[in-house]
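Quick notes on the structure that follows.
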Amino acid sequence: MNKIRILPDNLANQIAAGEVVERPASVIKELVENSIDAGAKRIGVDVELGGRRLMRISDDGHGMVRDDAILAFERHATSKISSLDDLTAIGTLGFRGEALASIASVAKVELITKVEDGLAATRVLIEGGRLIDVKDAARGTGTTISVRDLFFNTPARRKFMRSEATENYHLASIVTHYALAHPEIAFALTNNGREVLRVSPAKDLRERSFQIFGGQLIESLLPVTGGREYVARVSGFISAPRERRTNRDSQYFFVNNRFVRDKTIAGGLLEGYRSVLPHGVYPVAFLFLDVPLEEIDVNVHPAKTEIRFRRNEAVKDVIAEAIREGLAKAGIVGEKAEVTEPAAAPLELQQGSPPPEQSRIEFSSQQDEGQSPALEWGGASVGLPNSESAVTGVLISATGEVAVESSGQNGGFALRTADSEESDADKPGDFATAFEQAAVQTSQLLPIVEKESSQDPAGYVVLPPVNSAAHLAKSAELDRVSGGSIRPMGQLHDSFIIAVDDEGLLLIDQHVAHERILFDKFRRKETDRSVESQNLLLPETVDLTPAQSQSYEIVEDELSSIGFGLMRLSGRTVAIKSIPTDLPASEVRNLFAEILDNIDLEKRGSGKSTLRDDIAASLACKAAIKINMKLTPEKMHWLIDRLLTTSSPTTCPHGRPVILRLSMKDIERGFHRT
Ligand code: ADP
Ligand code: MG
Numbered sequence: 305m306n307k308i309r310i311l312p313d314n315l316a317n318q319i320a321a322g323e324v325v326e327r328p329a330s331v332i333k334e335l336v337e338n339s340i341d342a343g344a345k346r347i348g349v350d351v352e353l354g355g356r357r358l359m360r361i362s363d364d365g366h367g368m369v370r371d372d373a374i375l376a377f378e379r380h381a382t383s384k385i386s387s388l389d390d391l392t393a394i395g396t397l398g399f400r401g402e403a404l405a406s407i408a409s410v411a412k413v414e415l416i417t418k419v420e421d422g423l424a425a426t427r428v429l430i431e432g433g434r435l436i437d438v439k440d441a442a443r444g445t446g447t448t449i450s451v452r453d454l455f456f457n458t459p460a461r462r463k464f465m466r467s468e469a470t471e472n473y474h475l476a477s478i479v480t481h482y483a484l485a486h487p488e489i490a491f492a493l494t495n496n497g498r499e500v501l502r503v504s505p506a507k508d509l510r511e512r513s514f515q516i517f518g519g520q521l522i523e524s525l526l527p528v529t530g531g532r533e534y535v536a537r538v539s540g541f542i543s544a545p546r547e548r549r550t551n552r553d554s555q556y557f558f559v560n561n562r563f564v565r566d567k568t569i570a571g572g573l574l575e576g577y578r579s580v581l582p583h584g585v586y587p588v589a590f591l592f593l594d595v596p597l598e599e600i601d602v603n604v605h606p607a608k609t610e611i612r613f614r615r616n617e618a619v620k621d622v623i624a625e626a627i628r629e630g631l632a633k634a635g636i637v638g639e640k641a642e643v644t645e646p647a648a649a650p651l652e653l654q655q656g657s658p659p660p661e662q663s664r665i666e667f668s669s670q671q672d673e674g675q676s677p678a679l680e681w682g683g684a685s686v687g688l689p690n691s692e693s694a695v696t697g698v699l700i701s702a703t704g705e706v707a708v709e710s711s712g713q714n715g716g717f718a719l720r721t722a723d724s725e726e727s728d729a730d731k732p733g734d735f736a737t738a739f740e741q742a743a744v745q746t747s748q749l750l751p752i753v754e755k756e757s758s759q760d761p762a763g764y765v766v767l768p769p770v771n772s773a774a775h776l777a778k779s780a781e782l783d784r785v786s787g788g789s790i791r792p793m794g795q796l797h798d799s800f801i802i803a804v805d806d807e808g809l810l811l812i813d814q815h816v817a818h819e820r821i822l823f824d825k826f827r828r829k830e831t832d833r834s835v836e837s838q839n840l841l842l843p844e845t846v847d848l849t850p851a852q853s854q855s856y857e858i859v860e861d862e863l864s865s866i867g868f869g870l871m872r873l874s875g876r877t878v879a880i881k882s883i884p885t886d887l888p889a890s891e892v893r894n895l896f897a898e899i900l901d902n903i904d905l906e907k908r909g910s911g912k913s914t915l916r917d918d919i920a921a922s923l924a925c926k927a928a929i930k931i932n933m934k935l936t937p938e939k940m941h942w943l944i945d946r947l948l949t950t951s952s953p954t955t956c957p958h959g960r961p962v963i964l965r966l967s968m969k970d971i972e973r974g975f976h977r978t
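Here it is as C-alpha cells:
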C-alpha cells in the first residue's frame, strides 16, 4: 500500500501560514503591503485585543472585481507576476500569492472591495479556509479586510501568542515601519478604539519622521546620502553618537521601499560607526537603499523581510562609506583613513610574510608590556591606543582562528570578528570574561614564548607575560571578602580599583560595583516607598514612538514608584518632572528609550517583581559611575564600604562578577615560593 499522498489545499495553506503568519503583526504587515501595492493613498488599521480579536485594514486602493476577490484567497493567486522572468525584477511588495490564502486558513476573514467603475462592492466571507458567502455590499473604491479570531482553528498556534501588550508593541512597530517607508501615504492606527498613530501625507521622509518621532530626535539626526549606482544608493538619517540604544529596535532598513531585517545592512551601519560607538551600543538609523532589481533576490523567505544581495560585501562597503561620510560631514569622525586603519594593520604584518614562529615572538615581546590583549578583549571602551590592533591580529592568527598565511582580507575580517558585537566579552566592563579568555589565549602561547625567549633578536630578556597568572584570578567568594580590611591602592586604567586585604589582591570593577549598590537601593525604595527624587529645573519632554507608547502604559506605575515624576501630555509626548536622585539628568533620555524598547512585557502580572527588577537594573546601570573615570581615594573607600553592605557584593544585577581576587597563595605559587 502506498503511503505518500497529496495534502488537501487547506492543510497546505495552514502549513504555509506557519511561515507567513507568525503573529498578529505579520498579518498586518501582509495586508498593509497589499494596500500599498494596490496604490492606496490612505491606509487605516484598527486592532482589538492585540490583534487577537480583530484586525481591520481599509484602503482607498484600486480594489478588486468580484472574480478576483474570490480568487485572491486561492493559494498562488497573484496579480503581480506571471512568469519566471518577472521574479528576477520584482517591483511590488507582494508576489507569492500566499498571504491571503494563509491568513484565511487560520482566521475568519471578511473582504469588502470595490473597483472604481464597479456598480457595487463585493463582500467575501471565508472561515478557516472555507468560502462561506459572497454577496453585494456597499463601500467606495478600495478594500477593507477584517481578520477575526486569529488561530481559532489551530489551538497549538494560539497558545504561542504572547500577551496583548507584547503584540501591541509589534503591531505599532510594523505600522510605523510602513509609515516611514511611504511618506506619501496617510496612515492611522487605532488600538481598542484609541488612536496610536495618525499621519497625513508628507512630502518626504524627514517630514514623516517628524510626524512620527517629533522634533527632538529628528534634530539630532544626521542626513546620509551616498552609495554607488550599480550597487546601492543609500539615503536616510542616522543618529549622532550621543543618541544610544541597547538593541536594534530603532534601526529601520528599507530596500526599494520594502521594510527588511538584514544583517548586511546592519553590518554596514555598524562598520560605519566603528571607532565612534562602543560595542553593545547601537545607533538610531533610517536607511533607504535603492538597489537595481536584478541585484537582489526578495524571494528568500515567505515573509519577505529577508532579502539576498547579489554582491553582499559591496553593499556593506557602500553603506559603511556613506555612514562615515555622514558622520564626517557632521564633524564626528575625521578623515576616512583614520577609521579604516585598524583593519589595515594585520595586512601589513602579513605582507612582510614572517614565518609563524617569528610573529609569535613579536607577540610575546609586546605582551610583556602589560596585559594589553586582556584589555583589548574587554572592549574598545577601555581606551587602548590603535597601535595594539596589530597585536590582536597576531593573537588571533596564533590561536588558529585565522592562519597567518591567509589573505589580507581575511585578516581584516578576523579583527572585526574579534570585536563583533555578538560576543559577550565585548560588553564594557566584562572584565572577568576578558580575563579568562586572555588567560586561555596566553596559556596556549606560553610554551613557545619560553622556548624562544633566549633568542630575542634585540637582545632583551623576554619576560613571561604578566598575565600568565591570569587564570589564577578568580571571582571572589562572598565569605572571603570582609569589610574594614579592604584597602584600595589605586585604579587600573581608570576603570578597576586595585585593592588589598589580608588574603591578597583584589580587583573591583568600579562600574558594576556601583551598579550593584544602586540596584539594591532602587529595589529597597520600591518596598519602603521612601522615594528620593529630584525635581528637574525644566521638565524634560520625551516623544515616544507609537511602539514605545504601548510599552509606556505598562511601565508607567513602576517608573513612578522608583522616583520618576511623569505626566503624559498630548498624544505620545511625556513630560518628566522629576527623576531618581542618583540618575544624572543627561542619562534620562537614553534610559527611557532603553526601558521602553527592551522591557519584556511578558513579565508584567507574572506575580513576581521581575519587571521592576529589570527597570531597577537598567536604572542602576545608567546611574552608576562609568569605567574610564578617575576616582578619589575617598570615593573608592565609599564604594567598597557600600558594596559590602549590599545583598550580593560579588555579582552585579546582570550576574557578572564584581570582584576578582588573586590570593596570596596563588601569588606565592606564581613566584615559586611554595
Ligand atoms: P500577493 O500580494 O503576493 O500577490 P496576496 O495573497 O497577498 O498575494 O494577495 C493576492 C492578490 O489579491 C494580490 O495579488 C492582489 O491582486 C489582490 N489583493 C490583495 N489585497 C488587495 C488590496 N488591498 N487591494 C487590491 N487588491 C488586493
Ligand atoms: Mg500580498
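Residue numbers (this note's numbering): 305 to 978.
Just so you know, even glycine gets a beta-carbon here, dropped at the ideal spot from N, CA and C.
None of the values given here were measured: they were computed from a predicted structure.
Item	Value
The beta strand (DSSP E) enclosing V410, as first and last residue numbers	Taken as a continuous stretch (DSSP letters only), V410 belongs to no beta strand (DSSP E), as it is neither H nor E.
Simplified DSSP assignment, three categories, for I332	helix
Residues of its chain near F514, where Cβ-Cβ distance is below 7 angstroms and the 5 sequence neighbours each way are ignored	I522
Strand pairing of Y556, partner residues [DSSP]	F590
L923 beta carbon less than 8 angstroms from that of L900	no
CA-to-CA distance, L574 to D805, given in whole angstroms	43 angstroms
Contact shell at 5 angstroms, judged by CB to any heavy atom of ligand 2, ordered along the chain	N338, G398, A403
The alpha helix (DSSP H) enclosing K567, as first and last residue numbers	567 to 577
R400 Cβ short of 7 angstroms to ligand 1 heavy atom set	yes
Residue burial classification, M940 (beta-carbon count within 10 angstroms, cutoff 16)	buried
T382 Cβ short of 7 angstroms to ligand 1 heavy atom set	yes
Distance cut-off 7 angstroms: A342 Cβ against heavy atoms of ligand 1	yes
CB of R565 within 8 angstroms of CB of A897, strictly	no
Nearest-angstrom Cα separation, counted from D621 out to P843	42 angstroms
Ligand 1 heavy atom lying under 7 angstroms from the CB of M368	yes
Straight-line gap, D440 to F541 (C-alpha atoms, nearest Å)	47 angstroms
Spatial distance of G367 from S504 (CA atoms)	21 angstroms
Assigned secondary structure, K439 (DSSP; H/G/I helix, E/B strand, else coil)	strand
Whether Q795 touches K934 by CB criterion (8 angstroms)	yes
Ranges of the alpha helix (DSSP H) found wholly within the segment 869 to 955, counting only runs of at least 4	892 to 902, 914 to 927, 937 to 948
A405 CB to nearest heavy atom of ligand 1 below 7 angstroms	yes
D313 burial status per 10 Å Cβ neighbour count (16 or more: buried)	exposed
Runs of alpha helix (DSSP H) wholly within the segment 792 to 836 (minimum 4 residues, chain order)	814 to 832
Closest residue to K825 among G959, T885, G355 (Cα-Cα distance)	T885
Own chain residues within Cβ distance below 6 angstroms of R357, not counting five before or after	none
Residues that DSSP places opposite S543 in a beta bridge	L525
C-beta atoms of Q814 and I963 nearer than 8 angstroms	no
G422: CB within 7 angstroms of a non-hydrogen atom of ligand 1	no
From D594, E610, P545, residue whose alpha carbon lies closest to that of A634	P545
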